[in-house]
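Novice: Note that the sequence shown covers residues -20 to -1, 1 to 237 in mature numbering (1 follows the signal peptide of the UniProt record, and there is no 0).
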Amino acid sequence: MIKKATLLTAFSVTAFSAWAQDTSPDTLVVTANRFQQPVNSVLAPTDVVTREDIQRWQSKDLNDVMRRLPGVDISQSGGMGKSSSLYVRGTESRHVLVLIDGVPMARAGISNAIDIGQLPVSLVQRIEYIRGPRSAVYGSGAIGGVVNIITMSNDEKSQINAGMGSDGYQTYDGIMNKRFGDTIVTAAGAYETTRGFNIQPDSPYNGDSDRDGYRNKLFWGGVQHKFNDNVSGFFRGYGYTANSDYDQGFIWLCWRQ
């Protein structure tokens, strides 16, 4: 089975202020009402996850991060490589609005469901999570809540993470953020693979006697430019390819007389 995602691009020119990076009661958020305000002045339950939190939790992907937040359920349609869905307070996944730097990751009214596991966790600088209905602000796609994944960073950095495990498991995740004057270029990617194991060792079919592995490659690129002190613009694009091996799934049935 081969699953591919269409390249997503977004462009925005808007006036905005810098995101606050502290975790004090005076932490500023924008997601709740689309303007900057202290988190303790937001009526809706609000959680802010910082880059330091993600590193302290040693989260492997965004699903691991979101599982730690109240009211969040993550379901996955199978093992490694299968798509995942995000649920908030028991609502459908299509009723949870996911934003990347304030831009919707999916189009409301069609599916509005996305797989946040296909974003490099090294790219994420901050997450603003609003629990409860925000339809008055964002429309019908935000009945359950809003998750704003913020990737913008003014800091130059390069980082690579790697991990290994049994059955040939390997994972690599990295990001490069470079400044050129008033322009910031960001590139991030991840690669995950495993040889897997034979889930049907007693199958009579020759094709079922091999290991069932998995390979996933994803890339993210972006350019951010500051025109003046009040206006900035950015361009984002990402894509991924996931390949999963599977058996025919033949099951022997035996009746006794």
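Every residue, glycine too, gets a C-beta built ideally from N, C-alpha and C.
1) Let me make sure I understand the geometry here. Which of Gly70, Met156, Asp135, Ile123 has the alpha-carbon closest to that of Pro100?
2) Which residues does DSSP pair with Ala142 in a beta bridge?
3) Determine, using beta carbons only, whether Thr221 comes closer than 9 Å to chain E.
4) Could you have a look at Ala116 and say whether DSSP puts it in helix, strand or coil?
5) For Leu66 and His205, what's the separation of their Cα atoms in angstroms?
6) Taking 6 Å as the limit between beta carbons, can you name the residues of its chain near Gly143, skipping five residues before and five after?
7) Any chance the segment 120 to 131 sits against the segment 102 to 110, with 3 or more Cβ pairs inside 8 Å?
8) Tell me whether Glu32 sits in a helix, a strand or coil according to DSSP, three-state version.
9) Are at least three pairs of beta-carbons, each pair with one atom in the segment 46 to 61 and one in the segment 14 to 23, less than 8 Å apart?
10) Helix, strand or coil: which one does DSSP assign to Ala24?
11) Just to check my reading of the structure: Asp81 and Ile130 have Cβ atoms closer than 8 Å, yes? What is that Cβ distance to the nearest angstrom?
12) Return the residue from the list Asp95, Ser133, Ser102 that minimises the CA-CA distance to Gln38.
13) Going by C-alpha distance, which of Glu172, Gly154, Asn141, Arg175 is nearest Thr166?
14) Taking Val28 as the reference, give the member of Asp44, Asp41, Val10 with the closest Cα.
15) Here's the rule: buried if 16 or more other CB atoms are within 10 angstroms of the residue's CB, otherwise exposed. What is Arg74?
16) Quick one: grab the DSSP three-state call for Asn13.
17) Is it the case that the Cβ atoms of Trp200 and Gly217 are separated by a distance below 9 Å?
Specialist: Looking at the coordinates:
1) The shortest Cα separation from Pro100 among Gly70, Met156, Asp135, Ile123 belongs to Met156.
2) For Ala142, the beta-bridge partners assigned by DSSP are Tyr152.
3) Here chain E cannot be found, since the structure has a single protein chain.
4) Note: Ala116 maps to helix in three-state DSSP.
5) In a straight line, the C-alpha of Leu66 is about 32 Å away from that of His205.
6) Once the five neighbours on either side are set aside, the close Cβ partners of Gly143 are Thr151.
7) Verdict: yes, contact present.
8) The answer is helix: DSSP assigns Glu32 an H, G or I state.
9) Pairwise C-beta distances place the segment 46 to 61 out of contact with the segment 14 to 23, as fewer than three of them are shorter than 8 Å.
10) Ala24 falls in the coil class under three-state DSSP.
11) Correct: roughly 6 Å between the Cβ atoms.
12) For Gln38, the nearest C-alpha among the options comes from Ser102.
13) Relative to Thr166, the option among Glu172, Gly154, Asn141, Arg175 whose CA is nearest is Gly154.
14) Comparing Cα positions, the closest option is Val10.
15) Classification for Arg74: buried.
16) Correct three-state label for Asn13: coil.
17) Yes, the Cβ-Cβ distance between Trp200 and Gly217 is below 9 Å.
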